[in-house]
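Below is one structure; the comments refer to it alone.
Number of protein chains: 2
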Amino acid sequence: MREVAALAKVSIKTVSRVVNGESGVSPRLTRRVTAASERLNYRHNLPASSLRRSDGRSATIGVVLEDVANPFASTLHRSIEDVAVPRGVLVFAGSSDEDGDRERRLVSAFASRRVDGLIIQPASHDHSYLLSERKAGCAIVFVDRPPKFFDADSVVTDNAAGVRRGVHHLIANGHRRIGYLGDLHTIDTARERYEGYCAELAEQKVVVDEKLVRLDLRGIEKAEAATRELVTSSRPPTALFTGQNFITIGAFRALRGLGLHKKVALVGFDDILLADLLEPGITVIAQDPAAIGRAAAELLFRRLDGDKSPSQTTVVRTRMIARGSGELRP
Amino acid sequence: MREVAALAKVSIKTVSRVVNGESGVSPRLTRRVTAASERLNYRHNLPASSLRRSDGRSATIGVVLEDVANPFASTLHRSIEDVAVPRGVLVFAGSSDEDGDRERRLVSAFASRRVDGLIIQPASHDHSYLLSERKAGCAIVFVDRPPKFFDADSVVTDNAAGVRRGVHHLIANGHRRIGYLGDLHTIDTARERYEGYCAELAEQKVVVDEKLVRLDLRGIEKAEAATRELVTSSRPPTALFTGQNFITIGAFRALRGLGLHKKVALVGFDDILLADLLEPGITVIAQDPAAIGRAAAELLFRRLDGDKSPSQTTVVRTRMIARGSGELRP
DNA sequence: TTGTCATTTGACAACGTTGTCAGATATAAC
DNA sequence: GTTATATCTGACAACGTTGTCAAATGACAA
């Protein structure tokens, strides 16, 4: 900047004014400064600028996702980017792998870089550690799951209602023995979904048979093994509800392997690319990750723009997509 | 930091030393300083630190991908993160949407934030604009596609060889009329893949019939429409080669819709989640995005660690996965 | 005690920028 | 030509940190 000022024969303050598009610089000097910046290939130093600036904003936010490569998370990521980038804000992203420690380490790394805001898909079970970040002026919004021991905005899916809808659908198709395959029970949404399953069965006066329930499944392989074991047991279920997309894939793979994919009904939580092309197509309770991400990012920026209203929880609805697997009759 | 120094009754320089783990601070003072930092909830300001620091490193890199939500790109992203985070380096990510202008704007935004390095999946067709970034000390590695008019490291897939392998496989299964469905011809890799198709046909003494070729397809819908039109023409192909994952999906969807999915052979470039569960399973030429990302990130950090050797191109091999669709006979 | 040397500590400037405020210049009115 | 006013411009300090270097302290031997 000093060099630009020297070449344009003005003070560095005038260069600063031009760079920031402040009013009150004569066209003549503006021209000279822009010419000099071009010639010297000057690039504004944003960290230095935000250091000096009164608001201290870095025009940067941090996003903690379960795994940036997971389809649900990466769609969230993209819709956050689509809100942030037009505002001149860049996005740091990191994966927690469902590990509370990694979540904290990422948040700490983001905070050291002075991000203006954080969007977190929680892995940890105690978010009180975020108090100091917020006190330091960092806005925080949770996605997919609500925070624990910490009051903050969140944007979540109506998990229980979605699962109830799917289970109801299976019951309406004549099923009574409906198996449930769920994700790690430490994950709140996994628990909520399981509770939705139980609640709907209770409402429909169907007794929950614990022999038909398999929880704490993580990944396609585990789900596949659990499904195989469940449907080959002595009193197998006639239908399955799977509580997460990889579990749905594992379950379908097992059913396919056993030649049962056109016999045992299946409804899965979360949509899956290509689910419509399988035989039968997989009936799912679809979330809307793009809507969740967009809502979270917009909420975050409202907070950064000074909205001080009480923290709010936005619930994004699910949608059932019937494709065949959920309409198989016992 | 000043407050911590005051509370610990030392100079801020001593606090700086403790924070950076420099040697030569007595255990007594170290204890006092850490206690004071904890009590005041002090958080090191990395941008300010890197401003003053002699190496000027921000411990930050920028990644420009086609779309962070695209499965190939998000896997790249994840494997880059896995190399960066253990080194204390955080990752900015952005989507170019295959638009050279967006790529340049993202790079410029990253540069303003003084990233130490860039990993770019190129959309632009002239990367000479990166000269000034490199002169400013920014390391640059290209992934998936090589740079244009710019000498830099790159990590790419052997596209032509992969396609030739797939086309060869179809010919070995008795096909002569093999259709080709390709992505935007402005994309280098799309062009390379098409050239691989032509080269293999030539090698096998099969004349390229332009009526069997559809290029510039972007997205599932366009691919689906093109496939439908192609296979219902008067002299349809007996096999298809699809040059990209969404095109493969669109083609399969069209074949399914016409009841031809067990008649017309199909080999696709890029693996697809669930491809093994379709009927028939889809035979693909699989890339290894995780290996590409890892190699690119490691190369970037070698450059940042001072490796000054001439720029290199790393070629990552493809692998054919036969699942049924590519083994259908005419 | 004194002198020597190694170790530990702190004062100060600087990184690249912007906020503050005073000074310079141009414009208009008399 | 003078004054009043509006418009531009620049000198300087400060943001939170670290590099430099000199000063203070401690350990040890004579």
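Chains as they are written, first to last, in my numbering: chain A, 7 to 336; chain B, 7 to 336.
Glycine is no exception: its CB is placed at the ideal position from the N, C-alpha and C atoms.
For residue j and residue i, the rounded distance between their alpha carbons
{"i": "THR233 (chain B)", "j": "LEU283 (chain A)", "result": "16 Å"}
{"i": "GLU198 (chain B)", "j": "ASP73 (chain B)", "result": "21 Å"}
{"i": "GLU9 (chain A)", "j": "SER138 (chain B)", "result": "16 Å"}
{"i": "VAL214 (chain A)", "j": "GLU333 (chain A)", "result": "21 Å"}
{"i": "ILE255 (chain A)", "j": "GLU28 (chain B)", "result": "51 Å"}
{"i": "ALA79 (chain B)", "j": "PRO128 (chain B)", "result": "12 Å"}
{"i": "LEU306 (chain A)", "j": "VAL147 (chain A)", "result": "6 Å"}
{"i": "ALA11 (chain A)", "j": "LEU112 (chain B)", "result": "27 Å"}
{"i": "MET7 (chain B)", "j": "ALA145 (chain A)", "result": "23 Å"}
{"i": "ASP311 (chain B)", "j": "GLY123 (chain B)", "result": "11 Å"}
{"i": "ARG23 (chain B)", "j": "THR36 (chain B)", "result": "9 Å"}
{"i": "ARG241 (chain B)", "j": "ASP194 (chain B)", "result": "30 Å"}
{"i": "ASP103 (chain B)", "j": "HIS83 (chain B)", "result": "15 Å"}
{"i": "TYR203 (chain B)", "j": "ARG170 (chain B)", "result": "6 Å"}
{"i": "VAL25 (chain B)", "j": "GLU304 (chain A)", "result": "36 Å"}
{"i": "PRO180 (chain A)", "j": "LEU246 (chain B)", "result": "The question names Pro, yet the displayed sequence has Gly at residue 180 (chain A). So the two alpha carbons sit approximately 42 Å from each other."}
{"i": "VAL21 (chain B)", "j": "LEU57 (chain B)", "result": "18 Å"}
{"i": "ALA166 (chain B)", "j": "ARG323 (chain B)", "result": "11 Å"}
{"i": "SER85 (chain B)", "j": "ALA296 (chain B)", "result": "5 Å"}
{"i": "ALA281 (chain A)", "j": "LEU280 (chain B)", "result": "8 Å"}
{"i": "ASN47 (chain A)", "j": "TYR135 (chain B)", "result": "11 Å"}
{"i": "SER118 (chain A)", "j": "ALA54 (chain B)", "result": "10 Å"}
{"i": "LYS141 (chain A)", "j": "VAL89 (chain B)", "result": "32 Å"}
{"i": "SER101 (chain A)", "j": "LEU13 (chain A)", "result": "46 Å"}
{"i": "LYS19 (chain B)", "j": "ARG45 (chain B)", "result": "19 Å"}
Chain-ordered neighbours of residue i on chain B, where CB pairs are closer than 9 Å
{"i": "THR66 (chain A)", "result": "PHE98, ARG119"}
{"i": "LEU57 (chain A)", "result": "ASN51, PRO53, ALA54, LEU57"}
{"i": "PRO77 (chain A)", "result": "ALA75, PRO77, SER80, LEU279"}
{"i": "SER102 (chain A)", "result": "What SER102 (chain A) touches in chain B: nothing, since even the nearest Cβ is about 11 Å away."}
Selected residue, minimal CA-CA separation from residue i, among the options
{"i": "VAL173 (chain A)", "options": "A:ASN165, A:ILE184, A:ASP164, A:THR163", "result": "A:ILE184"}
{"i": "GLY94 (chain B)", "options": "A:ALA90, A:SER85, A:ARG108", "result": "A:ARG108"}
{"i": "GLU285 (chain B)", "options": "B:ARG220, B:ALA296, B:LYS269", "result": "B:LYS269"}
{"i": "PHE252 (chain B)", "options": "B:ALA271, B:LEU190, B:THR238, B:ALA90", "result": "B:LEU190"}
{"i": "LYS211 (chain B)", "options": "B:PRO53, B:ASP311, B:ALA178", "result": "B:ALA178"}
{"i": "SER160 (chain B)", "options": "B:GLY330, B:GLY180, B:PRO316", "result": "B:PRO316"}
{"i": "GLY188 (chain B)", "options": "B:ASN165, B:GLY62, B:GLU206, B:LEU223", "result": "B:LEU223"}
{"i": "ARG63 (chain A)", "options": "A:GLU87, A:VAL121, A:ALA271", "result": "A:VAL121"}
{"i": "GLU235 (chain B)", "options": "B:LEU266, B:GLU206, B:ILE125, B:GLN250", "result": "B:LEU266"}
{"i": "ARG300 (chain A)", "options": "A:ARG259, A:GLY287, A:VAL149, A:ARG262", "result": "A:VAL149"}
{"i": "ARG259 (chain B)", "options": "B:GLY274, B:GLY249, B:ILE226", "result": "B:ILE226"}
{"i": "ILE288 (chain B)", "options": "B:THR248, B:ARG329, B:ARG308, B:ARG262", "result": "B:ARG329"}
{"i": "GLY274 (chain B)", "options": "B:TYR200, B:GLN318, B:THR319, B:PRO153", "result": "B:TYR200"}
{"i": "ARG335 (chain B)", "options": "B:ALA271, B:VAL237, B:ALA75, B:LYS228", "result": "B:ALA271"}
{"i": "ALA158 (chain B)", "options": "B:ILE125, B:ILE67, B:ARG182, B:ALA229", "result": "B:ILE125"}
{"i": "SER32 (chain A)", "options": "A:SER239, A:SER134, A:VAL16", "result": "A:VAL16"}
{"i": "LEU207 (chain A)", "options": "A:ALA229, A:VAL69, A:ARG182, A:ASP88", "result": "A:ARG182"}
{"i": "VAL237 (chain B)", "options": "B:GLY249, B:ALA54, B:ARG220", "result": "B:ARG220"}
{"i": "ARG262 (chain A)", "options": "A:GLU230, A:ARG140, A:VAL89", "result": "A:GLU230"}
{"i": "HIS50 (chain A)", "options": "B:LYS141, B:ARG45, B:GLU209, B:SER114", "result": "B:SER114"}
{"i": "ARG110 (chain A)", "options": "A:THR319, A:VAL70, A:GLU87", "result": "A:VAL70"}
Chain A contact residues for residue i, given Cβ-Cβ distances below 8 Å
{"i": "LEU52 (chain B)", "result": "SER118, ARG119, ARG120"}
{"i": "HIS133 (chain B)", "result": "Residues of chain A passing the Cβ test: none, with the nearest at roughly 16 Å."}
{"i": "PHE155 (chain B)", "result": "What PHE155 (chain B) touches in chain A: nothing, since even the nearest Cβ is about 17 Å away."}
{"i": "GLU87 (chain B)", "result": "VAL74, ALA99, GLY100, SER101"}
Inter-residue CB distance, residue i and residue j (contact presumed, cutoff 8 Å)
{"i": "HIS175 (chain A)", "j": "MET326 (chain A)", "result": "7 Å"}
{"i": "VAL162 (chain A)", "j": "VAL39 (chain A)", "result": "About 49 Å separates the two Cβ atoms, so there is no contact after all."}
{"i": "ILE298 (chain B)", "j": "VAL290 (chain B)", "result": "About 16 Å separates the two Cβ atoms, so there is no contact after all."}
{"i": "GLN293 (chain B)", "j": "ASP276 (chain B)", "result": "6 Å"}
{"i": "ALA99 (chain A)", "j": "VAL91 (chain B)", "result": "With a Cβ gap of about 11 Å, ALA99 (chain A) and VAL91 (chain B) do not count as contacting."}
{"i": "PRO243 (chain A)", "j": "LEU264 (chain A)", "result": "With a Cβ gap of about 13 Å, PRO243 (chain A) and LEU264 (chain A) do not count as contacting."}
{"i": "LEU52 (chain B)", "j": "ALA65 (chain B)", "result": "7 Å"}
Partners in chain B for residue i, counting only beta-carbon separations shorter than 7 Å
{"i": "GLU198 (chain A)", "result": "Residues of chain B passing the Cβ test: none, with the nearest at roughly 25 Å."}
{"i": "VAL273 (chain A)", "result": "Within chain B, no residue comes near VAL273 (chain A); the closest Cβ sits about 17 Å away, beyond 7 Å."}
{"i": "SER138 (chain A)", "result": "ASN47"}
Neighbour list for residue i in chain A, Cβ cutoff strictly below 7 Å
{"i": "ARG259 (chain B)", "result": "LEU283"}
{"i": "ALA115 (chain B)", "result": "LEU96"}
Chain B contact residues for residue i, given Cβ-Cβ distances below 8 Å
{"i": "GLU28 (chain A)", "result": "Going along chain B, no residue has its Cβ under 8 Å from GLU28 (chain A), so there is no contact; the nearest lies around 18 Å."}
Interface residues of chain A facing residue i [CB-CB closer than 9 Å]
{"i": "ARG171 (chain B)", "result": "Chain A residues near ARG171 (chain B): none, gap ~24 Å exceeds 9 Å."}
Residue i Cβ short of 7 Å to the ligand MN heavy atom set
{"i": "PRO92 (chain B)", "result": "Ligands are entirely absent from the displayed structure, and the ligand MN is therefore not among its contents."}
Uninterrupted alpha helix (DSSP H) stretches inside the region 213-283 of chain A (no shorter than 4 residues): 226-237, 251-263
Alpha helix (DSSP H) runs wholly inside the region 111-151 of chain B, at least 4 long, in chain order: Segments of the alpha helix (DSSP H) lying fully in the region 111-151 of chain B: 137-141.
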